[in-house]
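Asker: The numbering of the sequence shown is the working numbering, which starts it at 227 and goes up by one.
Glycine included, every Cβ here is placed at the ideal spot set by N, Cα and C.
Just so we're clear, the structure is a prediction, and the values are computed from it rather than from any experiment.
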Amino acid sequence: MSTKQVVSSLYRRSLKLSLDWAVHRYLWRGQALYIRSLFEANKNITDPRQQRAGCLEIFKALLEKWKHPDPYIPPTAPGGSKYERNLPPPLLGPPVKMDL
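Here it is, written out as structure tokens:
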């Protein structure tokens, strides 16, 4: 993957991770702005070695450090408490006629 894709992936992962810690958007917005400022501060680094060894590895380590032990899962998403709770009944053919 290119560096741009790696950085975009790290940015998205960090935003999703911060949502695990603050479920309400009005609390999360300040954290999102702080994360954005961290990425903006390092956007002018052009040396690939410094990007890979320095910034990207530091961000990956921070993501592992701040990983939530019980991440938030929306109730209707796979793994959520309401996932497939009310399934529609299966479509069956007509009953078999029995001669008694």
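Going by beta-carbon coordinates alone, are F285 and L245 separated by less than 8 Å?
Answerer: Within the sequence shown, residue 285 is the residue found at index 59, counting from 1. Within the sequence shown, residue 245 is the residue found at index 19, counting from 1. It is not a contact, given that the beta carbons lie outside the stated cut-off.
Asker: What did DSSP end up calling D325 once you bin it into helix, strand or coil?
Answerer: Position 99 of the sequence shown, counting from 1, holds the residue named residue 325. Residue state, collapsed to three classes: coil.
Asker: What is the rounded straight-line gap between the Cα of P325 and the Cα of L318?
Answerer: Counting from one through the sequence shown, the residue named residue 325 turns up at place 99. Counting from one through the sequence shown, the residue named residue 318 turns up at place 92. It is Asp, not Pro, that sits at residue 325 in the sequence shown. If I take the Cα positions, the gap works out to 21 Å.
Asker: Does the beta-carbon of S240 have 16 or more other beta-carbons within 10 angstroms, so that it is buried, or is it exposed?
Answerer: Here the question's residue 240 lines up with position 14 in the sequence shown. Under this definition S240 is a buried residue.
Asker: What span of residues does the alpha helix (DSSP H) with L317 cover, start to end?
Answerer: For the purposes of this step, residue 317 is identified with residue 91 of the sequence shown, where counting begins at 1. Looking at the DSSP string, L317 is not in any alpha helix (DSSP H), and its letter there is neither H nor E.
Asker: Which of the three DSSP states is assigned to Y298 in this structure?
Answerer: Translated into positions along the sequence shown, residue 298 becomes position 72. Of the three classes helix, strand and coil, the one that applies to Y298 here is coil, per DSSP.
Asker: Helix, strand or coil, according to DSSP, for E266 in the structure here?
Answerer: By 1-based counting over the sequence shown, the position of residue 266 is 40. In this structure, DSSP gives E266 a helical state, which the three-state scheme calls helix.
Asker: Going along the chain, which residues of its own chain have a beta-carbon closer than 8 Å to the beta-carbon of E290, five neighbours each way excluded?
Answerer: By 1-based counting over the sequence shown, the position of residue 290 is 64. The answer is none, since no qualifying residue turns up.
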